[in-house]
């Protein structure tokens, strides 16, 4: 089973690298428009889906695509595509926007933490505080947490000299809750459990890929960093950008195939 999971991941990673290399030839400085290059782009896309299905098959998970899962997966697929294009040919999207990709992966760490705190943190805080205070309500505690995490996002934006990272914080936070909002209101407990599963898998993917970005080299292509720091991701931005493409692609497949809901379709 372990070998199968590694093989499935390897296929998805290979699809990302193949697609990025092909887009680099298609839109990069050495632009080359040919049937062969377009074929490699298509092959990269197909390989990603083959890898995802192989992973699910080995893991014994039942994959079922629903309208809810398809809609919830779109932002993650879009983010993965942005990372791949920003890695391969950032001038297509604007060189400044491509430089934000490393910052987004730094920001995602804060968002993963914030998403679980907003989901269950307010309940835990309410158990510890004195009732009757003007601020000891779920809404006020949630607002306080949002302010706190917004300050973290503002600090990251300042480090990368971009106000768009602060704006992106709210967009990425909304993405974390998109599947929750699409679920029926009557299934509140199920929504909470799915959110916890989503958070757990997001954190696992992030930690594993962050670790892998240190040891698994990828081609630089045209990746740039928006920060002047001397950390690994600032010096080798392609490591963070490739990690981001894989991270959002894996989350997209998990949403698409209903992994967070156990492959079950929502009740009608």
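Numbering (our numbering), first residue to last: 1 to 268.
Cβ coordinates follow ideal geometry from the N, Cα and C atoms, glycine included.
Here the structure is a predicted model, which means the values were calculated and not measured.
| field | Exposure label - residue 57; buried when at least 16 CB within 10 Å | value | Counting Cβ neighbours within 10 Å, residue 57 comes out exposed, since fewer than 16 surround it.
### Query
By a C-beta neighbour count over all protein chains shown, 10 Å radius and 16 as the cutoff for buried, is residue 148 buried or exposed?
Exposed is the call here.
Item to complete: Decide if the region 153-171 is in contact with the region 207-221; the criterion is three or more beta carbon pairs, one per stretch, under 8 angstroms apart.
Response: These segments do not touch.
Open item on the list: How far does the alpha helix (DSSP H) with residue 73 in it extend, from its first residue to its last?
Closed with: 67-88 is the extent of the alpha helix (DSSP H) around residue 73.
Task: Which of helix, strand or coil DSSP assigns to residue 177 - done: Residue 177: helix per DSSP, three-state reduction.
**Asked** Do the CB positions of residue 251 and residue 68 come within less than 8 angstroms of each other?
**Response** Cβ atoms of residue 251 and residue 68: not closer than 8 angstroms.
Are the CB atoms of residue 87 and residue 221 nearer to each other than 8 angstroms? In this structure, residue 87 sits near residue 221, with a CB-CB distance shorter than 8 angstroms.
Q) Which word fits residue 209, buried or exposed, when buried means at least 16 other C-beta atoms lie within 10 angstroms of its C-beta? A) It is buried - the Cβ of residue 209 has at least 16 other Cβ atoms within 10 Å.
So does the region 14-25 actually touch the region 240-258, counting three or more Cβ pairs closer than 8 angstroms?
With the cut-off at 8 angstroms, the region 14-25 and the region 240-258 touch.
Straight-line gap, residue 25 to residue 113 (C-alpha atoms, nearest Å):
Distance between the alpha carbons of residue 25 and residue 113: 38 angstroms.
**Message:** Please report the straight-line C-alpha distance between residue 253 and residue 76, rounded to a whole angstrom.
**Reply:** Cα to Cα, the separation comes out at about 9 angstroms.
In this structure, how does DSSP classify residue 161 when only helix, strand and coil are distinguished?
Note: residue 161 maps to coil in three-state DSSP.
Quick check: the Cα distance between residue 205 and residue 92, rounded to an integer number of angstroms? For residue 205 and residue 92, the distance between alpha carbons rounds to 28 angstroms.
With a threshold of 7 angstroms on Cβ separation, who are the neighbours of residue 116 within its own chain once the five nearest residues in sequence on each side are excluded? Only 199 meet the Cβ criterion.
Discussion item. Once the 5 residues before and after residue 235 are set aside, which same chain residues still bring their CB inside 7 angstroms of it?
Written reply: Cβ within range, chain order: n/a, list empty.
Practice problem: Ignore the nearest five residues each way along the sequence and tell me which others in residue 232's own chain have a CB closer than 7 angstroms to its CB. | Solution: Only 214 and 239 meet the Cβ criterion.
Practice task
Have a look at residue 20 and residue 27 and give me their C-alpha separation to the nearest angstrom.
Solution key: Straight across, the Cα-Cα distance linking residue 20 with residue 27 is about 10 angstroms.
Next item on the list: Pick out whichever of 102, 10 and 103 has its Cα sitting closest to the Cα of residue 55.
Entry: Ranking 102, 10 and 103 by Cα distance to residue 55 puts 10 first.
Could you check how far apart the C-beta atoms of residue 246 and residue 12 are, in whole angstroms? I think they sit under 8 angstroms.
Contact check for residue 246 and residue 12: beta-carbon distance about 7 angstroms, within the 8 angstroms limit, so the pair qualifies.
What separation, rounded to the nearest whole angstrom, lies between the Cα atoms of residue 156 and residue 146? Rounded to whole angstroms, residue 156 to residue 146 spans 15 angstroms at the Cα level.
Quiz prompt | Alpha-carbon to alpha-carbon, residue 140 and residue 43 | solution = Rounded to the nearest angstrom, the gap between the Cα atoms of residue 43 and residue 140 is 50 angstroms.
Is it buried or exposed for residue 34, if we count other Cβ within 10 angstroms and need 16 for buried?
Residue 34 sits exposed, since fewer than 16 C-beta atoms from the chains shown fall within 10 Å of its C-beta.
* Min CB distance residue 83 to chain D below 8 angstroms -> The structure shown contains no chain D; it holds only a single protein chain.
- Segment limits, alpha helix (DSSP H) that includes residue 235: Taken as a continuous stretch (DSSP letters only), the alpha helix (DSSP H) holding residue 235 covers 232-235.
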